[in-house]
Amino acid sequence: MRLTDSVWLQHYYSHHGEVAKRQDWATSITANVPWVVDFNTSNPQRDIVGNAATATTATKLKTPRTIAGVAFDGTANIDLEFLVYGQLLSDVTASRVKNVSYTNDTLKPVVVYVRFNNENNTNRKIYVNNYLLIEINNITGYDQPGSCTFIVPAGAYIGWKQPGR
């Protein structure tokens with residue numbers, strides 16, 4: 001509590017240096033006065049000099065960089081096709097068979113989303129290039145739904161195995 005200009009204010013001092021004030025007892029003890037946080041380096045305000053401008057043009061970077069191996073100097077947009085950007089969703093469920101491997105013959109990675117019900121407490125395994133990527137076991141209980149998502153690199157092959165089927 002602190003008396004400031006004949007008004008009692010409740011102050012809060014945090015461990016990070018913020019100062020917050022509320023409660024003006026000059027008006028009413030029960031007044032619901034919101035906390036007001038003072039400006040400090042931990043709490044920059046929106047109207048600080050120099051932050052109101054919006055860049056209208058790009059400037060070439062002093063030191064060009066690469067983003068995932070793609071050169072970038074700030075003068076133009078770059079295309080990161082390998083990130084699956086711009087691909088369309090396709091439901092291929094009807095064309096897939098259990099215990100068969102499929103090859104991603106596109107020139108881009110493919111995001112795969114698998115949704116399942118754990119019918120008969122069956123174990124399932126998903127492989128990409130013979131690497132066991134995901135294993136869904138029977139711990140989830142009978143008929144419990146689930147899903148998983150993963151990326152298959154361009155040229156890689158994927159298999160879905162269900163033992164005993």
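Counting from 1, one number per residue, gives the positions in the sequence shown under UniProt numbering.
Glycine included, each C-beta is placed from N, C-alpha and C at the ideal position.
None of the values given here were measured: they were computed from a predicted structure.
Using beta-carbon positions only, say whether Phe150 and Ile134 come within less than 8 Å of one another.
yes
Sorted by chain position, which residues of the same chain lie with C-beta nearer than 6 Å to Leu89's C-beta, five sequence neighbours on each side aside?
none
Is Ala94 helix, strand or coil by DSSP?
helix
So, using beta-carbon positions, are Gly74 and Thr63 closer together than 8 Å?
no
Inter-residue spacing [alpha-carbon to alpha-carbon] between Gln87 and Asp105:
14 Å
If you reduce the DSSP assignment to three classes, tell me which class Asn77 lands in.
coil
Let's see if you can read the secondary structure: which residues bound the beta strand (DSSP E) around Pro145?
145–152
Taking C-beta to C-beta, are Ala76 and Pro109 nearer than 8 Å?
no
Out of curiosity, what's the CA-to-CA distance linking Leu80 and Asn99?
33 Å
Taking the beta carbon of Arg124 as the centre, do at least 16 other beta carbons fall within 10 Å, making it buried, or is it exposed?
buried
Measuring only the C-alpha atoms, how far is Asn137 from Tyr127?
14 Å
Start and end residues, beta strand (DSSP E) containing Leu133:
131–136
So, is Val152 buried or exposed, given that buried needs 16 or more other C-beta atoms within 10 angstroms?
buried
Buried/exposed call for Ile158, threshold 16 Cβ in 10 Å:
buried
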